[in-house]
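Everything below concerns the one structure shown next.
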Amino acid sequence: MATFANNAFLDQAFPKQSDDFDDVSRYLEMNGNYLPSMDIFDEAWHLYIESEQ
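Following this line, the structure appears as C-alpha cells:
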C-alpha cells in the first residue's frame with residue numbers, strides 16, 4: 001500500500017482532492033499502471049473512509 005501511496009503522490013494527474021470513490025477508481029483503472037491490483041486501492045479507500053468517521 002505504501003508503494004501505491006507514493007506513486008499516487010508522484011502522479012501529477014491523480015485526483016488527489018477527490019473524495020468520490022468512482023472518480024478515483026475510474027482514474028486508476030484507466031491510468032494506474034503503477035497499481036498491480038485494484039484490491040490495494042479498495043483497501044486504501046476503506047482505511048480512508050474509516051479514518052474520516
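Counting from 1, position 44 in the sequence shown corresponds to residue 44 in UniProt numbering; the numbering is continuous, with no gaps.
In this text, a Cβ means the ideal position worked out from N, Cα and C, and glycines have one as well.
Source: prediction; values computed, not measured.
Take Phe-21, set aside five residues on each side of it, and the residues of its chain with a beta-carbon closer than 8 Å to its own are Trp-45, in chain order. The residues Ala-44, in chain order, have a CB closer than 8 Å to that of Ala-5 in the same chain once the five nearest residues on each side in sequence are set aside. Listed in chain order, the non-local C-beta contacts of Asp-23 below 8 Å within the same chain comprise Pro-15, local neighbours out to five positions each way being set aside. For Asn-31, the uninterrupted alpha helix (DSSP H) run begins and ends at 21 to 31, by DSSP. Inclusion of Ser-25 and Phe-41 in the CB contact set at 8 Å is warranted, their separation being smaller than that value.
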